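Everything on this sheet refers to the single structure shown next.
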Amino acid sequence: MQVSLKQLEACVDRYQQWKSKEEESSLYESAGKRAAVDGVSDDQNLEQRKHMLRDFGLEPVDFAFERAIGQNDSVYSNFIETIQSAKQKVGRIVIKRGNTIQGYATGFMVSERLLLTNWHVFKQMEEALDSEVQFGYEYDGSGRPKTPHIFKLAPKDFFYSFEKLDYCVVAVNPLDDQGRLPITEIGYHYLNPTLGKLAGEGQEFVNIIHHPEGDYMQLSIRENKFVKIQENTLWYEADTSQGSSGSPVFNDQFQVVALHHMGVPKRSSDGKHFVDKEDKPILPENGKIDTRRIVWIANEGIRISKLTAHFFAQFPNHSLVKGMQKPFLPVISGNQGTPLETMQTASQTNTDAIVISIPNNALLTNGVVQVTLQNQATNNQSGVASVGVSGSVVDPQLLEELERATAEQSVDFSRCTGYDPGFMGVKLPLPQPGKSLKPLVAKRKDNPEETELKYFYYSVIQHAIRKMPIVSAINVDGDPAKRKDDTERVDKWLRDVRIDLEAQLNEKFYANSGFDKGHMSRREDANYADNPEDAKLFADMTCMHTNACPQVGKLNRSSSKGLWGRLEKVILEKGVSVESGKQARISVYNGPIFAESDPVFRGVQIPMEFWKMVVWRDDKNKLKATAFKLTQVPLVDDINFEAIDVDKNMEFKEFQISIEQLAALTGLDFSAYRKYDTFGKKTKAKKEVKLETEEALMEMLAV
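Take the sequence shown: its letters are residues 1 to 703, numbered as in this note's numbering.
Quick look at the structure:
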């Protein structure tokens, strides 16, 4: 998503003013002291803080106070139940205009009907008319996506947005989109207008519940130091990103202390540009900055006491607003689920099942993950789990994750020579990213200067932000004698540990998405060798997440009559004539066409168009190259996710394009291939040629 450069600059100015004052009178030399704000001294604020802790009553006052002033870092175990209650009331906002998704944000209920987010999320009532909020958009304890409860916003019932304090209050429909769950079951966060919710600067920590980039719910817990209080804002250190706009900022008792609204981005050493994690400049486009690349160094939230004072003054007698002034203290019990949990799990309880959940980062280590269980049903007191123990059920998804993580760490790339530039008899280098793409390329961890990922017969250059290949190029030998593997196809997808795992998609992304893992370099194209074992190994290694993009089945599968899945098959098996005694060889280059307008799914922009270029020799041994563009825009309406603006009457389109046009669309260097381009030699076309049938393709190849 992109955000206004003006907003970022204003936030940076406030931050720099604070930091310059900070250098004059070091904050941390007097940690715990706070500037006199609202006429309240340090001692008065601390006394008010202790009074508020006593009233809240979730833990012993002295214990909580020690933590608040930095003398204790522990929490009682009911902290978990408190989080559970707090997160239920935080939702993922899907900003829509008609069926088109404009972006994502976070919001949270502040009364039985009203939701709070930022002014820059909804500046006008019309912007909220088609939008919705999704509660429970998160993973469950087994790592599977939950089904969220979706509520349409109701700005005609209530809407107010105020720029100076960057907040927006909007009503939510009384029932979810299924007409079953009342919004009152979600609960709400009481916005306490009194002071004393935080102690000293540089001592107390804050917590944030948010949906960064529209992703599943994330928690930034107790590593986010409260560093400064100003007239209207709080400053704190936290991991947030675009999409976190509108998130609640909590103290340790999960009272809302601020409305998160903006972060401070890292700048280049000369101060002229915002930079990414590799210190590469992020250049603005049309006055906006791509926030997915920004490194945030600090965050700013609007103080709740200031926000409520202003808001209540605007609506002293409105019935919905009065609902915000009623304190809401949830009943916290370790034996009770939240209303949402109760509805979702009442019919799924299995007291015999032992479900294990291990954090993803634990699966990415080279160490040993040991699972211990105690099975009460069989009175197994040894503490060591055995899959064969009667009555025990180990989560199969966990075992699969463990197996996959082990397989990823054990992949041997030492024999992988990758794409061969001389395969077709002349040097055809792997297309390289141009100037605009180079800063976005994923780099090898063992050699940051290297960006080519070499596999068997094919190579990939990976986009670190989009988490997909920029280009995947493969050499294909059509000799039937080398097609020795006749085993049943089984795809087991792995990530490549040679680059950052965060730069790759994974199984969790694809689960229940409706998307296929669309091979860029086909499995069939690599399935050849001098022996069956190697042929199978080489084919299996095409199942790397670096070699796939999310595609709908109609586009990806040759059995569905999609040209994308049939193109090489047509050229290799039917479209290429060879001299007697020779076998067909082709080189195939594939990738997505990235566009800023690509829709977002699970925090990742999904490319709607793809490209393919095939190089072959005709029966006169003349080298030829042909480029294609294919689209899945008309097909994604079958995907069960946030609606993309799709014209259902559009048809599946397949085009031949010039290599020059392909270079412009992709940002890749195809200069070595242009002289072999067949485009326009028969049709005299100048732009693109739509391919209606396989026969049209064959005719095009005959030039």
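C-beta: ideal position from N, C-alpha, C; glycine also.
Just so we're clear, the structure is a prediction, and the values are computed from it rather than from any experiment.
Have a look at the DSSP bridge pairing and note the partners of residue i.
i      : result
Ile186 : According to DSSP, Ile186 bridges with nothing at all.
Ala627 : Met613, Ile657
Leu259 : Pro248, Ile302
Glu132 : Val94, Lys152
Trp296 : Pro265
Gly591 : Trp611
Arg585 : Asp477
Ser459 : Lys454, Ala473
Lys228 : Trp235
Phe108 : Val90, Leu116
Leu175 : Pro182
Report yes if the CB atom of residue i is closer than 7 Å to the CB atom of residue j, and no otherwise.
i      : j      : result
Ser436 : Gly667 : yes
Ser521 : Asn547 : yes
Phe655 : Glu688 : yes
Ser658 : Phe628 : no
Ser131 : Lys164 : no
Pro592 : Cys543 : no
Met324 : Val110 : yes
Ser459 : Gly418 : yes
Gly208 : Lys87  : The question names Gly, yet the displayed sequence has Ile at residue 208. Cβ atoms of Ile208 and Lys87: not closer than 7 Å.
Ser125 : Pro155 : First, the residue type needs correcting, since residue 125 is Met and not Ser in the sequence shown. The answer is yes: Cβ separation under 7 Å.
Leu505 : His545 : yes
Ala407 : Ser245 : no
Trp235 : Ala309 : no
Gln134 : Gly103 : no
Leu191 : Val256 : yes
With DSSP as the reference, label residue i as helix, strand or coil.
i      : result
Met708 : The structure shown does not extend to residue 708, since the chain is modelled only from 1 to 703, so the question has no answer here.
His732 : Nothing about residue 732 can be reported from this structure: the residues present for the chain run from 1 to 703 only.
Lys484 : coil
Asp638 : Low confidence applies to Asp638: its pLDDT is 49, below 50, so where it sits in the model is not reliable enough to give any reading.
Asp477 : strand
Lys87  : helix
Ser245 : coil
Ile606 : coil
Gly418 : coil
Ser142 : coil
Glu688 : strand
Ser436 : coil
Ile80  : helix
Ser410 : helix
Thr233 : strand
Thr308 : helix
Met520 : coil
Asp534 : helix
Asn547 : helix
Glu403 : helix
Val321 : helix
Ala442 : coil
Met468 : strand
Asp525 : helix
What do you get for residue i, buried or exposed, if any count of 16 or more other CB atoms within 10 angstroms of its CB means buried?
i      : result
Arg144 : exposed
Asp486 : exposed
Pro327 : exposed
Ala595 : exposed
Asp525 : buried
Lys648 : With a pLDDT of only 28 at Lys648, under 50, the local geometry of the prediction cannot be trusted, and the value read off the model is given with reservation. Flag for Lys648 reads exposed.
Asn360 : With a pLDDT of only 42 at Asn360, under the threshold of 50, the placement of this residue in the model should not be trusted; the figure read from the coordinates follows. Exposed, because fewer than 16 other Cβ atoms sit within 10 Å of the Cβ of Asn360.
Val600 : buried
Gln253 : buried
Ala258 : buried
Ala742 : Nothing in the structure corresponds to residue 742, since the chain is present only between 1 and 703.
Lys272 : exposed
Ala625 : buried
Phe664 : For the record, residue 664 in the displayed sequence is Ala; it is not Phe. Its Cβ having fewer than 16 others within 10 Å, Ala664 is exposed.
Thr147 : exposed
Pro480 : exposed
Arg180 : exposed
Val426 : exposed
Gly478 : buried
Gln409 : exposed
What runs of the alpha helix (DSSP H), each 4 residues or longer, lie entirely inside the segment 489–516? 507–510
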